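So the sequences go chain by chain: A, B, C and D.
Taking UniProt numbering, I'd label the letters of the first sequence as residues 1 to 235.
Taking UniProt numbering, I'd label the letters of the second sequence as residues 1 to 235.
Taking UniProt numbering, I'd label the letters of the third sequence as residues 1 to 235.
Taking UniProt numbering, I'd label the letters of the fourth sequence as residues 1 to 235.
Note that the Cβ used here is the ideal one computed from N, Cα and C, for glycine as well.
These numbers were taken from a predicted model, which means no experiment stands behind them.
Protein chains: 4
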Amino acid sequence: MRAGARVCQSRSETWGSRVPENTEKAESEPKADTRPRRRQARGERRIAQLLEAAASVFCSSGYTAASTNAIAREAGVSPGTLYQFFPNKEAIAIELGDRLMHEMRETYGEALGPVDPATPLEEAVEAAVDRFIDFNCRHPVFFALMHGPDIPGRMAEAHEALHTTLLERIQTRLASVLPDVPAADLARITEVCLGLYMAGLELVLTHEGAEREAYVRELKNVLVRYLAPLAAPPA
Amino acid sequence: MRAGARVCQSRSETWGSRVPENTEKAESEPKADTRPRRRQARGERRIAQLLEAAASVFCSSGYTAASTNAIAREAGVSPGTLYQFFPNKEAIAIELGDRLMHEMRETYGEALGPVDPATPLEEAVEAAVDRFIDFNCRHPVFFALMHGPDIPGRMAEAHEALHTTLLERIQTRLASVLPDVPAADLARITEVCLGLYMAGLELVLTHEGAEREAYVRELKNVLVRYLAPLAAPPA
Amino acid sequence: MRAGARVCQSRSETWGSRVPENTEKAESEPKADTRPRRRQARGERRIAQLLEAAASVFCSSGYTAASTNAIAREAGVSPGTLYQFFPNKEAIAIELGDRLMHEMRETYGEALGPVDPATPLEEAVEAAVDRFIDFNCRHPVFFALMHGPDIPGRMAEAHEALHTTLLERIQTRLASVLPDVPAADLARITEVCLGLYMAGLELVLTHEGAEREAYVRELKNVLVRYLAPLAAPPA
Amino acid sequence: MRAGARVCQSRSETWGSRVPENTEKAESEPKADTRPRRRQARGERRIAQLLEAAASVFCSSGYTAASTNAIAREAGVSPGTLYQFFPNKEAIAIELGDRLMHEMRETYGEALGPVDPATPLEEAVEAAVDRFIDFNCRHPVFFALMHGPDIPGRMAEAHEALHTTLLERIQTRLASVLPDVPAADLARITEVCLGLYMAGLELVLTHEGAEREAYVRELKNVLVRYLAPLAAPPA
DNA sequence: GATGAATGAGGATTCATTCAT
DNA sequence: TATGAATGAATCCTCATTCAT
């Protein structure tokens with residue numbers, strides 16, 4: 001139940017009649033198998049299957065061009081089945097994004113790097129970029145979903161959700177590194193950092209080997225140099 | 001031989017066997033313009049019309065989602081007419097990109113800012129960003145065309161053309177500002193700068209008034225801080 | 001995997017990743033037929049409907065000029081439905097041809113006439129032509145499909161398939177009637193016979209009543225006279 | 001003038017305002033150059049150009065699939081120009097057919113072979129087939145035009161015209177070879193012969209070298225054997 | 001839950017033909 | 001005459017989505 005329901009509840013109201021309360025408990029997934037949720041297990045698998053397929057299709061065709069039929073085909077199920085779990089393409093993307101953020105949090109913890117506020121900026125950026133890149137290499141669909149909107153300002157819901165979540169996390173992290181920056185500026189700086197991250201990511205992903213390393217280096221340079229003056233004590 | 005002709009001749013060889021004699025003379029543009037042009041005035045206007053319509057549609061739907069039918073409709077012509085001038089959507093985007101770059105060059109000259117090599121970095125960046133932003137506000141379709149590929153590495157031809165042209169121009173400009181950077185690095189730095197530009201542009205375009213100004217400021221900061229260490233004499 | 005499935009599986013690999021486990025068993029048709037069939041009854045009917053419609057359209061417009069939309073319309077379904085079963089016009093023609101050959105075999109047996117090698121040539125030809133004509137009158141679409149290519153040598157796949165199958169059958173038949181003809185010649189003679197058949201068929205189909213009978217007579221004459229010298233014992 | 005006008009007058013009434021009277025004199029073409037018909041010469045050339053282009057396009061795409069735009073393009077003129085000389089595709093085919101028959105007559109005389117009624121059948125067929133094949137190799141468009149109708153009985157006008165003319169010529173020829181056959185039968189036999197010719201022609205055109213020769217041989221065999229019993233004196 | 005059939009509007013593109021210049 | 005622009009219906013095919021089973 002949970003996952004299937006979660007999918008629909010998280011963003012769309014179409015599937016309202018689902019137990020929304022046990023979401024917290026659902027988080028402790030590892031033991032979920034024990035409860036008498038036989039048929040749900042199947043649904044869970046289906047959803048995973050579909051999301052995997054969607055990730056694959058989004059990566060190979062881009063989000064806009066991806067078709068629900070293609071996703072169903074890739075997942076080896078019928079279109080009808082797909083729509084049993086997701087009301088539309090957008091919902092798939094949203095759930096995919098949710099899970100990505102979930103995994104990011106699971107893997108790297110709340111922050112994208114060492115939480116010790118004493119960590120020097122350079123080190124913090126280094127860690128964050130490395131993790132970010134690493135994460136993207138393992139989940140290339142992240143790029144497809146994050147990929148800026150075709151039209152400035154008009155983001156798909158899925159994109160927006162991811163974007164917002166990421167901003168929050170980055171802002172939290174930045175707040176600890178740039179304690180002296182006023183809130184209004186911090187939000188803007190956060191947006192800028194995310195933009196730089198994404199721009200750098202694209203360059204990194206389109207290169208390989210030594211070149212890729214070099215671009216990772218540049219991305220770190222960009223961020224460090226941009227943030228250093230903001231972090232540095234006026235001393 | 002102006003643009004109208006350029007469209008058809010530069011991309012399609014369909015009418016290759018036409019007016020074979022004056023081809024040589026046609027190369028010396030001044031005269032060639034007169035003869036087989038007369039009727040093209042109408043076509044010329046249509047092409048402009050179509051490109052304008054395309055710009056509008058690309059802006060409001062994004063390149064991927066834009067349809068040739070929509071463009072024709074927006075231009076107030078039948079689908080067939082569109083195809084008399086452009087073999088497909090891509091060709092429209094390419095021509096649009098060509099004209100944009102043409103205008104950029106016309107308006108701002110070869111470089112995006114003061115050519116004097118003695119210009120301090122800060123000032124050069126300031127000028128370049130201001131022009132770039134200004135240009136984009138007057139031609140919002142530029143963003144739609146430049147907007148990174150849906151799939152990393154898989155760019156549309158049109159995008160690629162624009163991208164390449166811009167890189168060249170930026171690299172030229174950077175070369176004069178960063179004379180000591182080795183060529184291999186310069187190319188990478190150029191890519192990075194373009195990425196930063198585009199990332200900043202998106203943020204600028206999605207904000208207005210004071211916020212927009214603030215983002216412009218940040219973009220300049222990013223670039224200046226990134227480039228400063230590369231430009232600074234080791235002294 | 002009845003016909004419906006046959007259509008999709010035999011030509012398109014689109015649904016390849018489906019039911020992977022019972023593939024082995026599916027080969028032993030008896031059981032495979034039962035399970036995933038239920039809902040396909042509808043599809044089965046649709047396919048028959050579509051093929052019937054296609055036959056009708058091919059007959060009235062010719063294969064080349066027939067449009068998939070026209071076929072769908074004739075079948076009373078939407079274009080999308082047609083494409084659920086056939087990837088394109090060609091596939092429809094191919095399936096139609098397959099079924100025609102299937103029926104021909106079912107109805108007249110492997111040979112187009114008496115198999116007894118002692119049957120005199122005249123009698124064999126008589127039987128073969130009668131059956132061939134009869135078959136074509138009951139399935140006029142056969143002509144539309146068999147109708148030679150618009151461009152010599154450039155046959156549509158569907159045509160080619162039919163053609164090849166027919167050649168095989170005729171050659172087998174001829175081999176028993178002309179035991180002394182070398183293989184290389186036999187192939188050529190087979191091609192010629194099929195050509196004569198088709199030429200005669202066209203004439204037969206464009207006439208009626210007594211005239212038609214007369215043309216049937218002529219076709220038999222042509223074949224008998226052509227083949228007689230090849231069959232006659234040198235004695 | 002002549003040709004241009006002829007084109008339109010012969011089948012369509014659309015272009016009525018042309019001097020139809022000089023058609024007879026126009027037949028004596030060789031001297032036509034002398035009259036003060038300057039501008040007509042241009043039209044003549046255009047027509048030849050267009051017909052040549054049409055022949056080429058018909059051959060490479062087949063009559064049905066050929067488009068007037070493609071013909072105009074191949075001829076290096078605009079679509080409008082094509083329609084200045086021919087009211088539609090059909091008219092082009094008809095004129096092309098007319099000229100083919102004209103040339104056939106010019107080249108081989110009224111009959112397709114020796115006119116001497118004493119010529120033995122075998123020799124007459126031999127000559128006729130050789131000429132027919134030869135003609136078709138030099139004018140491959142003939143096949144495209146003659147190529148049986150997509151739908152039995154529903155011939156295009158152009159096809160029909162060619163067909164009829166050919167039948168007449170063949171019947172004339174046959175009449176001299178088969179003097180004892182009643183008229184009703186002769187018409188049918190003529191149709192059959194043309195059918196055999198065409199069937200053989202297709203086989204010949206789709207093979208090359210020795211194989212082609214072998215098929216020519218077979219075609220002759222078919223015709224000779226078919227006709228021999230009709231020609232032979234019962235003695 | 002699962003299936004696959006069904007939809008029909010919309011996508012890109014072509015074509016025979018007409019018209020203004 | 002000749003051009004090339006214009007048309008709009010028709011082509012094939014796809015897609016997100018719904019529905020009966």
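Any C-beta of chain B under 9 Å from that of residue i
i	result
A:H139	no
A:R188	yes
A:T81	no
A:V192	yes
A:I170	no
A:I71	no
A:H159	no
A:T165	no
A:L218	Before going on, a small fix: residue 218 of chain A reads as Glu here, not Leu. Closer than 9 Å to some Cβ of chain B, the Cβ of A:E218 qualifies, so yes.
C-beta contact flag for residue i and residue j at 9 Å
i	j	result
A:L174	A:T190	yes
C:V222	D:Y226	yes
A:L219	A:V77	no
D:A199	C:V192	yes
B:A53	B:I71	yes
C:A127	C:V177	no
C:L196	D:L196	yes
Given residue i as reference, the closest of the options once Cα atoms are compared
i	options	result
C:A187	D:A214, D:T165, D:H163, D:S176	D:A214
B:Q84	B:L50, B:R99, B:M101	B:L50
D:L162	D:V192, D:D130, D:D98	D:D98
D:P182	D:A144, D:L96, D:I71, D:L230	D:L230
D:M101	D:P179, D:A124, D:I170, D:A210	D:I170
D:T107	D:K89, D:E126, D:D116, D:R131	D:R131
D:L194	D:E44, D:I47, D:R138, D:I133	D:I133
A:P60	A:A48, A:T172, A:P140	Pro is not the amino acid found at residue 60 of chain A; the sequence shown has Ser there. Ranking A:A48, A:T172, A:P140 by Cα distance to A:S60 puts A:P140 first.
residue 291 of chain D	D:G43, D:E74, D:R42, D:A41	This structure gives no information on residue 291 of chain D, because the portion of chain D shown stretches from 1 to 235.
A:I94	A:D116, A:R138, A:T165	A:T165
D:D180	D:E52, D:P117, D:A72	D:P117
D:A210	C:G209, C:A184, C:L196	C:A184
B:K89	B:E103, B:N136, B:E157, B:E110	B:E157
9 Å Cβ cutoff, residue i in contact with chain D
i	result
C:P120	no
C:K25	Any reading at C:K25 needs caution, since the residue's pLDDT is 37, under 50, leaving its predicted position unreliable; the model's value is listed next. It does not; no Cβ of chain D falls within 9 Å.
C:V129	no
C:R225	yes
C:T107	no
C:S28	At C:S28, the pLDDT of 37 sits below 50, so the modelled position is not reliable and the matter cannot be decided from this model.
C:G209	no
C:S60	yes
Chain C contact for residue i (CB, 9 Å cutoff)
i	result
D:T68	no
D:H147	yes
D:F86	no
D:E202	yes
D:P182	no
D:R37	Bear in mind that a pLDDT of 46 at D:R37, under 50, signals an unreliable position, so the number given afterwards is only what the model happens to contain. Not one chain C Cβ lies under 9 Å of D:R37.
Within-9 Å CB hit, residue i to chain A
i	result
B:L178	no
Rounded distance between the beta-carbons of residue j and residue i, thought under 8 Å
i	j	result
B:T206	A:P152	5 Å
A:L96	A:L167	That pair is no contact at about 18 Å.
C:F58	C:A66	5 Å
C:V224	C:V216	That pair is no contact at about 13 Å.
D:T81	D:R46	7 Å
B:D150	A:H159	Not quite, the Cβ-Cβ distance comes to about 12 Å (not below 8 Å), so this is no contact.
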